[in-house]
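Structure, as structure tokens:
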Amino acid sequence: MMYSILKFLSTVVSILIIGALLPGIRIKGSTFWTASLVAIVLTILNFLIYPLMVILTLPITILTFGLFLLVINAFIVKLVSWIIPKFEVDSFWWALLFSILLSAVMLFFEMFLFPMD
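Everything in the sequence shown is counted per the working numbering, starting at 942 for the first residue and increasing by one.
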């Protein structure tokens, strides 16, 4: 349970950090609550839509040696921005950069907050 809470909070902090760094990403309103909502919706979409998208785009993913998964991640981020009006992503390229940076920051948190025993 504690792991899940820490993972969620690290995701929210990651979203806040990246939102502050990238000019094409805007988190409006109460930023912590908006980032929390973004984390929740992103998790739900990654659970429901991401696997379906991976299966549907498997041939192109194989042809691009898995790089097309970055496009799927960017599409999911853009979809989150369409669902949550207080989370704005200017373009596909900002969504792509956001998804790459989110993965990198989450990896950093995983390495230092949750080291393997």
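Here a beta-carbon is modelled for each residue, glycine too, at the ideal position from N, C-alpha and C.
- For Ile1013, the enclosing alpha helix (DSSP H) begins and ends at 1009–1024.
- Along the length of the region 942–1020, whole beta strand (DSSP E) runs at least 3 residues long occupy 966–968, reported in chain order.
- Taking C-beta atoms as the reference points, Ser1040 and Leu999 fail to come closer than 8 Å.
- Here Ile990 is actually not in contact with Ala976; their C-beta atoms are around 20 Å apart, not less than 8 Å.
- In this structure, Leu986 sits near Val1021, with a CB-CB distance shorter than 8 Å.
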